[in-house]
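A.B. asks:
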Amino acid sequence: MFRDLVSYFKKMSVYQKLICALCIFLSVYNLLAATVVRINYWVHYPMNLLIAALVICLTSMEKREKLSPGFIFDGLVMVGAVVSIGYYMANYSEMLFRTTKPTQLDTLFGIICIAACLVITRKATGNGLFIVTVGFLIYGFFGQYLPKPFGHAGFKVSRLVRMIFGEVGIFGSPLTATATFVFLFCLFGAFLQNFAGGQFFIDLATGAAGKFRGGAAQGAVISSALFGTVSGSAIANVVTTGTFTIPLMKKTGYKDYFAGAVEAVASTGGQIMPPVMGATAFIMAEMTGIPYSEICKAAMIPAALFFFSVFIMIDMEAVKLGLKGLEPELIPDIKQIMKDKWPLLSPLVGIIIMLLVFKMSSSRTAVIAIVITILAPLIKRNIKITPTMVVDALADGARSCVGILASCTCAGIIIAVLAVTGLGVKLGSLLISLSGGYLIWLLFFTMVITIILGMGLPTPSAYIVCVSVVGQTLVEAGIPLMAAHLFIFYYAILSTVTPPVAMSAYTAAGIARSNPNKTGWQGLRLGLVAFIVPYMFVFGPALLMNGTALEVVRALCTSVIGVVCLGASMIGYLKNKINMFSRIIFLACALMLIDTTFLTDVVGIGIAAVMFFLSMRHKEASKATE
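So the sequence shown is residues 0 to 625, counted in numbering that gives the first Met the number 0.
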């Protein structure tokens with residue numbers, strides 16, 4: 000058994016061994032910090048960032064020729080990260096008391112740390128957040144030269160650097176949240192995947208939906224929702240479940256771009272699916288002070304509407320194409336799956352009980368979920384676990400989080416600049432001015448800004464950045480705190496499936512071997528309900544379980560009808576093909592049902608009923624003439 004582990008490491012290069020060792024150390028370190036070892040916060044957070052920086056730089060160096068300019072640059076960045084973060088860890092107690100009067104060394108190492116954070120973020124997540132952060136830094140240092148109302152009074156370089164290089168900025172709330180419970184849930188997802196949980200969810204979903212028309216696509220939605228709720232990345236979810244579901248969808252008759260779009264949208268939507276919600280909901284709980292159990296409860300109906308809408312559109316597409324269910328030999332036996340591997344379901348059940356019933360802390364819940372995942376296979380001997388699988392899980396969990404840790408530093412830089420310069424208030428005033436005092440326009444501009452800022456970013460980072468920029472504006476406009484943050488949360492997630500930078504759609508297109516742009520736009524159509532649902536729960540709080548039982552039921556019923564109308568409009572099919580005029584009418588019905596007033600609900604439902612009746616009559620007339 001351990002010979003396999005030795006052989007496993009022998010196959011690695013020196014860099015791969017170093018990276019793997021650092022990742023395993025980071026995972027074990029965080030597990031110990033969450034359980035038996037008490038570590039000072041201002042050492043714990045920088046330690047996570049330090050290891051992440053080392054892993055990112057070593058990964059980059061491995062791809063370069065030795066002593067090339069790029070190799071030397073990566074080495075210098077790594078040294079800069081070590082010395083600057085190490086300086087903070089060694090001097091944090093004194094630095095906490097000299098916020099307004101930093102020393103020259105504070106400023107020097109602060110500048111080095113800021114530069115290192117920008118570089119590792121660019122290496123880990125691409126140019127998007129890097130460019131945005133550089134823009135904020137330029138504003139912070141040179142904003143005094145801008146005309147009113149956008150300019151500021153100007154600040155000493157030392158003061159601004161100290162604010163960024165500290166507990167308000169780089170080592171502030173974004174890194175705090177990620178280095179505690181987000182990391183642990185990423186680690187939990189890695190253990191679940193490496194211990195056959197991913198394949199278990201795929202088999203379970205395919206077995207449940209395979210016999211229905213469009214079953215391959217519906218199975219993809221279910222499996223992506225199950226795995227996506229514990230995955231902190233839509234892209235990772237696409238790669239994990241899509242390698243099986245996309246070829247299966249193509250085999251049953253779906254077009255390649257449609258199969259890719261289904262997987263991209265379902266994988267993205269997994270992060271709005273309770274109980275875990277991709278771990279970003281725990282950051283929301285940290286930033287708002289709202290208990291996670293309340294966030295989870297509020298997110299249930301919107302998540303259900305999202306996946307119901309995708310199911311409806313898949314079903315309509317299947318009818319339109321004349322598809323049937325999977326061949327019997329391709330449908331796994333659910334009874335046999337549950338008999339053989341039912342323990343793999345216990346971690347998710349455990350999370351629901353721990354969070355919603357016993358109301359445990361997020362970090363403790365994640366640790367216990369990992370323990371359950373490790374112990375579950377011991378119940379059924381037919382689930383084979385090896386030391387190599389444990390090592391892979393520890394390493395993969397850290398690898399999935401190093402990019403988030405890096406990007407959270409840039410989110411911290413943005414927050415620090417907003418706090419010092421007052422830019423957040425100015426942006427809020429600009430949004431309110433552009434909206435003309437109309438809430439619907441304020442929400443629209445917030446949606447656009449959130450999607451743009453979130454493009455290409457990990458969901459936790461996208462959410463933190465967007466909330467920092469526009470969150471307070473929504474709250475000051477009278478939107479409840481929960482609804483405001485969930486509104487931003489939705490669009491931060493949907494940025495990964497929104498062209499022109501639809502990363503999850505492009506990843507799915509690679510697996511489907513389809514046109515990336517076509518896949519992206521099809522994904523946008525399939526996920527359109529997710530773009531509308533946030534407006535629905537802002538104008539109708541009952542969708543967030545905020546109201547009487549009757550109000551909640553009414554909101555749910557009208558929303559379901561609206562989703563069906565939207566599906567008919569997008570796909571162009573309802574029992575039979577419908578013309579463009581009918582599609583426009585169905586779209587109008589869906590939009591009317593966004594408004595929660597009684598009149599718009601009655602008119603929307605009435606017109607939808609008439610259109611459905613006419614569609615049925617048209618179908619009967621078509622059959623009679625055949």
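All C-beta atoms, glycine included, are put in the ideal place defined by N, C-alpha and C.
Going by alpha carbons, who is nearest to serine 631 out of Leu441, Val416, Gly402, Cys400?
C.D. replies: The structure shown has nothing for residue 631, since the chain only spans 0 to 625.
A.B. asks: Measuring CB to CB, does leucine 493 end up less than 8 Å from alanine 529?
C.D. replies: In this structure, alanine 529 lies closer than 8 Å to leucine 493 by Cβ.
A.B. asks: Does the beta-carbon distance from alanine 397 to cysteine 22 come in below 8 Å?
C.D. replies: In contact: alanine 397 and cysteine 22 (Cβ atoms closer than 8 Å).
A.B. asks: Residues in the same chain with beta-carbon distance under 6 Å from leucine 355, minus the five sequence neighbours each way, listed in chain order, please.
C.D. replies: Around leucine 355: Ser292.
A.B. asks: Below 6 Å CB to CB, which residues in the same chain sit around leucine 104 once its five sequence neighbours on both sides are set aside?
C.D. replies: Nothing listed; no residue qualifies.
A.B. asks: Can you tell me which residues form a DSSP beta bridge with tyrosine 572?
C.D. replies: In DSSP, tyrosine 572 forms a bridge with Lys576.
A.B. asks: With 16 other CB atoms within 10 Å as the buried threshold, where does methionine 11 fall?
C.D. replies: So methionine 11 ends up on the exposed side.
A.B. asks: So within the region 156 to 236, which uninterrupted alpha helix (DSSP H) runs reach at least 4 residues, ignoring any that extend past its ends?
C.D. replies: Listed in chain order, they are 156 to 163, 172 to 176, 182 to 193, 196 to 208, 214 to 227.
A.B. asks: Evaluate asparagine 126 with the Cβ neighbour count: other Cβ atoms within 10 Å of its Cβ, from every protein chain shown; 16 or more gives buried, anything less gives exposed.
C.D. replies: Classification of asparagine 126: exposed, given that the 10 Å Cβ count is below 16.
A.B. asks: Just the Cα atoms here: how many angstroms apart are isoleucine 570 and isoleucine 604?
C.D. replies: Rounded to whole angstroms, isoleucine 570 to isoleucine 604 spans 19 Å at the Cα level.
A.B. asks: When the Cα atoms are used, what is the spatial distance from threonine 106 to alanine 152?
C.D. replies: Taking the straight line joining both Cα atoms gives about 20 Å.
A.B. asks: Could you tell me the boundaries of the alpha helix (DSSP H) in which glutamine 143 lies?
C.D. replies: Taken as a continuous stretch (DSSP letters only), glutamine 143 belongs to no alpha helix (DSSP H), as it is neither H nor E.
A.B. asks: Give me the residue from Ile384, Ile351, Phe536, Val370 with the minimum Cα distance to threonine 34.
C.D. replies: Checked all of Ile384, Ile351, Phe536, Val370; the closest Cα to threonine 34 is Val370.
A.B. asks: Exposed or buried, what is serine 503 when buried is set at 16 or more other beta-carbons lying within 10 Å of its beta-carbon?
C.D. replies: Serine 503 should be labelled buried.
A.B. asks: Compute the beta-carbon to beta-carbon distance between alanine 208 and glutamine 217, rounded to the nearest angstrom, for a pair I have assumed lies under 8 Å.
C.D. replies: That pair is a contact at about 4 Å.
A.B. asks: Please tell me whether glycine 206 and isoleucine 113 are closer than 8 Å, where the distance is taken between their beta carbons.
C.D. replies: Not closer than 8 Å, so no.
A.B. asks: Do you know how far the Cα of glutamate 64 is from the Cα of isoleucine 583?
C.D. replies: Taking the straight line from one Cα to the other gives about 58 Å.
A.B. asks: Is the region 321 to 340 touching the region 189 to 203 in the sense that three or more CB pairs, one from each, lie closer than 8 Å?
C.D. replies: A contact exists between the region 189 to 203 and the region 321 to 340.
A.B. asks: What is the DSSP secondary structure of lysine 122, counted as helix, strand or coil?
C.D. replies: Looking at lysine 122 - three-state DSSP - the assignment turns out to be helix.
A.B. asks: Taking 8 Å as the threshold (C-beta atoms), are glycine 252 and leucine 325 in contact?
C.D. replies: It is not a contact, given that the beta carbons lie outside the stated cut-off.
A.B. asks: Which class does threonine 458 belong to by DSSP, given the choice of helix, strand or coil?
C.D. replies: DSSP places threonine 458 in helix when its eight states are reduced to three.
A.B. asks: Which term fits valine 563, buried or exposed, when burial requires 16 or more other beta carbons within 10 angstroms of its beta carbon?
C.D. replies: It is buried - the Cβ of valine 563 has at least 16 other Cβ atoms within 10 Å.
A.B. asks: For phenylalanine 488, report the span of its alpha helix (DSSP H) as first-last.
C.D. replies: First-last of the alpha helix (DSSP H) with phenylalanine 488: 480 to 493.
A.B. asks: Please report the residue range of the alpha helix (DSSP H) in which histidine 151 lies.
C.D. replies: Counting along the chain, histidine 151 falls outside any alpha helix (DSSP H), and DSSP gives it neither H nor E.
A.B. asks: How many Å lie between isoleucine 163 and isoleucine 169 at the Cα?
C.D. replies: Going by the C-alpha atoms only, they are around 6 Å apart.
A.B. asks: Report the three-state DSSP secondary structure of valine 36 (helix, strand or coil).
C.D. replies: In the structure shown, valine 36 sits in coil (DSSP, three-state: anything other than H, G, I, E or B).
A.B. asks: Excluding five sequence neighbours on each side, which residues of the same chain lie with their C-beta closer than 8 Å to the C-beta of lysine 319?
C.D. replies: The residues are Ile570, Gly571, Tyr572, Lys576.
A.B. asks: If we ignore side chains and look at the alpha-carbon of each, how far apart do isoleucine 510 and alanine 302 end up?
C.D. replies: Straight-line Cα distance between these residues: approximately 26 Å.
A.B. asks: Looking only at C-alpha atoms, which of Thr445, Lys16, Ala284, His43 sits nearest to lysine 358?
C.D. replies: Taking only the C-alpha atoms, the option nearest lysine 358 is Ala284.
A.B. asks: Please state whether the Cβ-Cβ distance between leucine 225 and serine 558 is less than 8 Å.
C.D. replies: No, Cβ-Cβ distance for leucine 225 and serine 558 is not below 8 Å.
A.B. asks: In the DSSP assignment, find the unbroken alpha helix (DSSP H) run with asparagine 90 in it and report its ends.
C.D. replies: Residues 68 to 94.
A.B. asks: Assign alanine 501 to one of three DSSP states: helix, strand, or coil.
C.D. replies: In this structure, alanine 501 counts as coil in the three-state DSSP scheme.
A.B. asks: DSSP three-state call for glutamate 626: helix, strand or coil?
C.D. replies: Residue 626 is absent from the model: the chain starts at 0 and stops at 625.
A.B. asks: Would you be able to state if there are at least three C-beta pairs under 8 Å between the region 361 to 378 and the region 165 to 181?
C.D. replies: Cβ pair count under 8 Å is three or more, so yes.
A.B. asks: Specify the secondary structure class of proline 540 as computed by DSSP and reduced to three states.
C.D. replies: Helix at proline 540.
A.B. asks: Given this structure, state the Cα-to-Cα distance separating phenylalanine 141 from isoleucine 439, to the nearest angstrom.
C.D. replies: Spanning the two alpha carbons is a distance of roughly 34 Å.
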